[in-house]
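Notes follow once the structure below has been shown.
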Amino acid sequence: MSSLSHARPRHSFQTDDPALWPVAEKVRAGERLNFDDGLALYRSGDILAVGWLANSVRERMHGDIAYFNVNRHINPTNVCVASCRLCAFGRKKGEAGTYTMALEEAWRTAAEGITDAVTEFHIVGGLHPDLPFEYFLDLVRGLKERFPKVHVKAFTMVEVSFLAKRAKLTIAETLLKMKDAGVDSMPGGGAEIFADRIRHIICDHKIDGGEWLETAKLAHRMGFKSNATMLYGHVESDDDRVDHLLRLRAVQDETAGFQTFIPLSFHPDHTALAHIPKSTGMLDIRQIAVGRLLLDNFPHIKSYWQMVTPKLAQISLRFGADDIDGTVIEEKIYHDAGATTPQGMRRADLIRLITEAGRVPFERDTMYRAVTRSEDTFTVSA
Ligand code: V47
């Protein structure tokens with residue numbers, strides 16, 4: 024058994040699981056964890072010990088601060104050429120239930136349902152076979168004209184790669200055009216699980232893990248920050264999860280371009296994997312904690328309340344997470360897959376969740392700068 028001493032010691036670490044003892048020593052010393060340590064964390068029955076370790080790192084990095092933001096999701100189309108088994112959102116062109124927003128509609132949507140001025144638009148959508156690259160550039164340009172202060176976090180690495188192929192451009196050229204149009208950073212979607220064996224089952228039509236990571240690297244080198252996700256709770260093993268996290272960590276060592284890691288809990292309803300049981304609280308909370316411990320070079324770990332429920336996101340703030348995401352306003356991707364959480368949350372409710380977890384709410388913009396509000400506008404600290 025070991026005793027950890029931190030900047031803010033609270034109590035000593037104890038576990039009866041001997042597999043965690045060497046891990047705890049490394050965490051205490053600030054040493055990097057390896058593959059086997061990752062497996063030990065995934066396989067330990069002592070979730071409180073795993074959480075304690077993750078919390079100690081989280082508090083070392085962020086003290087009691089817990090971040091949230093006021094954002095809006097925009098999904099311009101659900102038409103998608105890919106047939107990912109994991110997805111209930113995408114539809115084939117011509118199928119019932121498809122939609123594609125006209126640009127005016129997308130810009131109008133951006134302003135809807137806002138009670139507090141949003142600081143971020145989060146834009147992801149299907150891989151539409153016909154929409155030209157210009158549509159997406161015009162979408163962003165139009166948003167920037169109408170909402171110049173709002174950060175545009177748009178297009179996953181999968182969309183970037185698809186749009187590059189459609190426009191017959193290199194990835195670098197595509198990213199440059201996005202930057203010129205006003206894209207400020209990128210969301211973390213499409214990463215799923217990098218292992219080929221799993222990708223073939225859950226998202227056979229997407230770029231492979233290597234391409235996702237290479238695209239992220241290039242984006243970082245061109246000055247974009249991005250996030251990274253991991254979709255868990257389907258057919259992946261503990262080895263696949265650790266492999267995924269360590270591949271992200273290796274890229275981060277090279278670029279330092281990732282801001283936040285977001286584990287995404289698989290929602291099986293209405294997908295081709297509907298027979299898979301839904302994830303449980305223990306599974307969800309463990310992803311947060313292991314993510315915090317293995318990704319020692321990621322500044323932030325987000326427990327996305329839409330995915331894991333507000334109650335679990337709140338608990339996560341004691342298990343390694345420092346961020347619970349935002350108001351969102353209108354979520355489609357997981358709600359098509361059976362999520363029963365509300366589609367959006369008010370700023371005041373996010374603050375209450377955080378405060379009742381004993382943390383200090385900190386409204387951030389996408390770059391984690393402080394946001395100050397007055398009336399219906401906001402300012403971002405320098
Ligand atoms: O890549 C799709 C996932 C992702 C399902 O960067 C599903 O701040 C569960 O990446 N069950 C897109 N998940 C969303 C995303 C995201 C969300 C919030 C914040 C950020 C950020 C990024 O949604 C996809 C896929 O992994 N997804 N279908 C499903 N049935």
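Going by our numbering, the sequence shown opens with residue 24, and the numbers climb by one from there.
Built from N, CA and C at the ideal position, the CB exists for glycine as well.
Paired residues, beta bridge with residue i - DSSP
{"i": "E386", "result": "F91"}
{"i": "S288", "result": "Y255"}
{"i": "S249", "result": "M209, F281"}
{"i": "A177", "result": "I146"}
{"i": "F36", "result": "In DSSP, F36 forms no bridge with anything."}
{"i": "T363", "result": "DSSP output for T363 lists no bridge partner at all."}
{"i": "R396", "result": "F401"}
{"i": "T123", "result": "T100"}
Simplified DSSP assignment, three categories, for residue i
{"i": "T238", "result": "helix"}
{"i": "S28", "result": "For S28, the predicted structure reports a pLDDT of 41, less than 50, and the residue's modelled location is therefore unreliable. A value from the coordinates is still provided. Three-state result, S28: coil."}
{"i": "A129", "result": "helix"}
{"i": "Y391", "result": "coil"}
{"i": "T197", "result": "helix"}
{"i": "I224", "result": "helix"}
{"i": "T294", "result": "coil"}
{"i": "D372", "result": "helix"}
{"i": "G68", "result": "coil"}
{"i": "I324", "result": "strand"}
{"i": "I97", "result": "strand"}
{"i": "R341", "result": "coil"}
{"i": "V265", "result": "helix"}
{"i": "V141", "result": "coil"}
{"i": "R114", "result": "strand"}
{"i": "V104", "result": "coil"}
{"i": "K188", "result": "helix"}
{"i": "P300", "result": "coil"}
{"i": "L335", "result": "helix"}
{"i": "D203", "result": "helix"}
{"i": "P152", "result": "coil"}
Between the CA atoms of residue j and residue i - distance to the nearest angstrom
{"i": "L3", "j": "K325", "result": "Residue 3 is absent from the structure shown; the chain starts at 24 and stops at 405."}
{"i": "A190", "j": "F144", "result": "24 Å"}
{"i": "S25", "j": "M84", "result": "Interpretation of S25 is limited by its pLDDT of 39, a score under 50 that renders its predicted location unreliable; the figure taken from the coordinates is listed afterwards. Their Cα atoms are separated by approximately 21 Å."}
{"i": "Y327", "j": "T100", "result": "22 Å"}
{"i": "D39", "j": "R66", "result": "14 Å"}
{"i": "M368", "j": "K176", "result": "19 Å"}
{"i": "A187", "j": "V102", "result": "18 Å"}
{"i": "L27", "j": "P41", "result": "Any reading at L27 is ruled out, since the residue's pLDDT is 41, under 50, leaving its predicted position unreliable."}
{"i": "A218", "j": "S397", "result": "47 Å"}
{"i": "S35", "j": "R220", "result": "41 Å"}
{"i": "L316", "j": "H267", "result": "14 Å"}
{"i": "G256", "j": "R272", "result": "21 Å"}
{"i": "L406", "j": "I311", "result": "Residue coverage of the chain in this structure runs from 24 to 405, which leaves residue 406 outside it and unanswerable."}
{"i": "C107", "j": "W130", "result": "28 Å"}
{"i": "M330", "j": "G233", "result": "26 Å"}
{"i": "H29", "j": "S79", "result": "Note on H29: pLDDT 42, under 50, position unreliable in the model; no value is reported."}
{"i": "T332", "j": "P171", "result": "32 Å"}
{"i": "F156", "j": "L198", "result": "11 Å"}
{"i": "K167", "j": "I230", "result": "29 Å"}
{"i": "P291", "j": "H358", "result": "11 Å"}
{"i": "L150", "j": "T402", "result": "35 Å"}
{"i": "Q366", "j": "V93", "result": "14 Å"}
{"i": "H323", "j": "R375", "result": "21 Å"}
Any non-hydrogen atom of the ligand GTP within 7 Å of residue i CB
{"i": "E196", "result": "This structure simply doesn't include the ligand GTP; it includes the ligand V47 instead."}
Delimiting residues of the beta strand (DSSP E) encompassing residue i
{"i": "D346", "result": "346 to 349"}
{"i": "F159", "result": "Not the beta strand (DSSP E): F159 falls in the alpha helix (DSSP H), residues 156 to 169."}
{"i": "V403", "result": "400 to 403"}
N- and C-terminal bounds of the alpha helix (DSSP H) containing residue i
{"i": "G314", "result": "304 to 317"}
{"i": "E48", "result": "44 to 52"}
message: Check whether the stretch 155 to 163 and the stretch 196 to 205 touch, using three or more Cβ-Cβ pairs below 8 Å as the test.
response: yes
- prompt: If you pair each beta-carbon of the stretch 257 to 276 with each one of the stretch 58 to 69, do three or more pairs fall below 8 Å?
  reply: yes
message: Pairs of beta-carbons, one from the stretch 88 to 96 and one from the stretch 381 to 390, closer than 8 Å: are there three or more?
response: yes
task: State whether the stretch 278 to 295 contacts the stretch 237 to 251, with contact taken as three or more CB pairs (one from each stretch) at a distance under 8 Å.
output: yes
- prompt: Between the stretch 348 to 355 and the stretch 301 to 319, do three or more beta carbon pairs fall short of 8 Å?
  reply: no
- request: Count the C-beta pairs between the stretch 40 to 60 and the stretch 330 to 342 that are closer than 8 Å, then say yes if the count reaches three, no if not.
  value: no
- request: Tell me, please, whether the stretch 229 to 239 touches the stretch 113 to 124 by the rule of three or more beta-carbon pairs shorter than 8 Å.
  value: no
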